[in-house]
Amino acid sequence: MTAARKLILRPIRAETRRVAALTAWVRRARPPGDAFGYHRDLHLILWTAGILTVVEGALTHLILVLIFGHPPWVWIVLGLHIYGVYWLFGLLAGMMTRPHTVDGPIVHLRNASGTHVSFPVADVDSVVLGERPEFGHSRWRTSDDGRTATIASGPAVLRVDLTENAEVLLDGSPMPLAPKHIHVSADAPRELAARLTTALSPQPDVGRCGPVPAEHQ
């Protein structure tokens with residue numbers, strides 16, 4: 027895929043995922059399995075920002091109409107406010123309808139922008155707890171060698187180590203080179219780690235909170 031095509035498809039894909047998240051939110055649809063959310067601390071902030079944007083947009087439009095009438099640019103300003111509300115609530119909807127889940131033998135890791143990574147529980151080698159802010163705020167990102175990946179909407183607090191030749195799907199398509207380590211953000215990392223360990227036999231190691239061993243950095 028050429029760079030120009032990627033540049034065109036990226037915003038289209040983002041808007042499609044945003045609409046899908048809003049639709050799922052209205053329908054109260056959630057993915058099956060045991061759910062583990064992320065960025066709960068931002069829900070109230072996004073609610074507040076969205077409501078304030080609605081009020082501010084309505085007042086601004088009323089004032090502009092009273093002063094300038096109905097020229098096109100007044101409606102353009104209103105359209106920008108409406109898109110801002112749509113964007114804020116689309117982000118909130120993504121956080122609420124796209125949690126990480128463990129559904130039977132499959133682990134699903136997601137973020138608010140719609141990225142979806144899945145792999146068998148049997149391919150989990152170990153789970154390490156510990157905050158890694160340098161791996162945060164990156165959506166989906168892989169290292170240059172493809173062996174370390176991040177799916178986070180904030181600072182990563184959990185690292186899932188996979189076995190060699192793990193079967194990893196990215197947005198439904200197999201990854202040619204599966205990552206060895208995936209850094210994840212979650213509201214309840216210990217609960218997610220415990221769920222992964224109970225799904226395995228034999229169980230993987232769950233590291234204590236603290237620095238990640240040097241060989242995995």
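In the numbering used here, the protein residues as written are 27 to 243.
Cβ coordinates follow ideal geometry from the N, Cα and C atoms, glycine included.
Start-to-end residues for the alpha helix (DSSP H) that takes in His134 = Locating residue 134 in the sequence shown gives position 108, where the first residue counts as 1. Taken as a continuous stretch (DSSP letters only), His134 belongs to no alpha helix (DSSP H), being part of the beta strand (DSSP E) at Ile132 to Arg136.
message = According to DSSP, simplified to helix, strand and coil, what is His107?
response = Reading the sequence shown from its first residue, position 81 is the one you call residue 107. In the structure shown, His107 sits in a helix (DSSP, three-state: H, G or I).
message = Could you check whether Asp149 and Leu106 sit closer than 7 angstroms to each other, using their CB atoms as the reference points?
response = Taking the first residue of the sequence shown as 1, we reach residue 106 at position 80. Taking the first residue of the sequence shown as 1, we reach residue 149 at position 123. Asp149 sits away from Leu106, with the two beta carbons spaced by 7 angstroms or more.
key: Burial state of Leu196 (16 or more Cβ within 10 Å)   = Counting from one through the sequence shown, the residue named residue 196 turns up at place 170. Result: buried.
inquiry  = Could you give the first and the last residue of the continuous alpha helix (DSSP H) run that contains Leu222?
reply    = Counting from 1 along the sequence shown, the entry for residue 222 is found at position 196. Bounds of the alpha helix (DSSP H) holding Leu222 are Pro215 to Thr224.
ask   = Between which two residues does the beta strand (DSSP E) harbouring Val143 extend?
value = The residue labelled residue 143 in the question sits at position 117 within the sequence shown. Where Val143 is concerned, the enclosing beta strand (DSSP E) stretches over His142 to Pro146.
ask   = What is the DSSP secondary structure of His242, reduced to helix, strand or coil?
value = Counting from 1 along the sequence shown, the entry for residue 242 is found at position 216. For His242, the predicted model reports a pLDDT of 42, less than 50, meaning its position is unreliable; a value from the coordinates is still stated below. The answer is helix: DSSP assigns His242 an H, G or I state.
ask   = If you drop the 5 nearest sequence neighbours on each side, which residues of the same chain put their C-beta closer than 7 angstroms to that of Met250?
value = Limits of the chain in this structure are 27 at one end and 243 at the other, which puts residue 250 out of reach.
request  = Work out the CA separation of Trp166 and Val194 for me, nearest whole Å.
outcome  = Sequence index remark: in the sequence shown, residue 194 carries index 168 (1-based). Sequence index remark: in the sequence shown, residue 166 carries index 140 (1-based). Between Val194 and Trp166, the C-alpha separation is close to 14 angstroms.
key: Contacts around Tyr64, its chain only, beta-carbon distance under 6 angstroms, and the 5 residues preceding and following it disregarded   = On the sequence shown, residue 64 is found 38 positions in, with the first residue counted as 1. Beyond the five residues adjoining it in sequence on each side, Tyr64 comes within less than 6 angstroms, by CB distance, of Ser179, Ser211, Ala212 and Asp213 in the same chain, given in chain order.
query = Is Val143 closer than 7 angstroms to Leu135 when the C-beta atoms are compared?
reply = In the sequence shown, the residue the question calls residue 135 occupies position 109. In the sequence shown, the residue the question calls residue 143 occupies position 117. Yes, the pair counts as a contact, with Cβ atoms nearer than the cut-off.
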